[in-house]
Amino acid sequence: MAAHNFDSTVVDAVLRHMNSDHADDNLLIARAFVSHDASAARMVDLDGDGGTWLVRVGGEEREARVPWSTPVTERAEIRREVVVLYEAACARLGVSARDH
């Protein structure tokens, strides 16, 4: 089954929010799920199955896909899944998660 594709206005709004208000969370997710050596990360795409980040490791940038914990089809579910990723990243890296 193909992943749900969100309208471009939804994707653009989520990307803008994540990259402006949650840049530190992007890097935390990249360090937990892509490479502990990540030095920068920004979210560049998403669909119903997961998010895609552009991650800088050792001077090179690469796209990395991180799946949601469950497929999503509604805009509100994206926020829930980003929070799930953030909390899982904190647990994986041994850092305290902040309140949401």
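Residue numbers (the working numbering): 125 to 224. Glycine residues also receive a C-beta, built at the ideal position from the N, C-alpha and C atoms.
Give a yes or no on whether the C-beta atoms belonging to residue i and residue j are separated by under 8 Å.
| i | j | result |
| --- | --- | --- |
| V134 | R199 | yes |
| F130 | D171 | yes |
| A188 | A154 | yes |
| R180 | A156 | no |
| D173 | A127 | yes |
| V190 | W177 | yes |
Measure the C-alpha to C-alpha separation of residue i and residue j and round it to an integer number of angstroms.
| i | j | result |
| --- | --- | --- |
| G218 | R166 | 22 Å |
| S220 | A147 | 17 Å |
| S132 | S193 | 22 Å |
| R204 | R186 | 25 Å |
| N143 | I202 | 15 Å |
| R140 | G183 | 24 Å |
| L152 | V206 | 12 Å |
Can you determine whether any heavy atom of the ligand GTP sits closer than 7 Å to the C-beta of residue i, and answer yes or no?
| i | result |
| --- | --- |
| G175 | Inclusion of the ligand GTP in the displayed structure is not the case, the ligand content being empty and no account of it being possible. |
Since residue i is in the alpha helix (DSSP H), which residue starts that stretch and which ends it?
| i | result |
| --- | --- |
| D148 | 147-157 |
Quick test of your reading: residue i and residue j, contact by CB under 8 Å. State the CB separation rounded to the nearest angstrom.
| i | j | result |
| --- | --- | --- |
| Y66 | D149 | Outside the modelled stretch of the chain, which goes from 125 to 224, sits residue 66, for which no answer is possible. |
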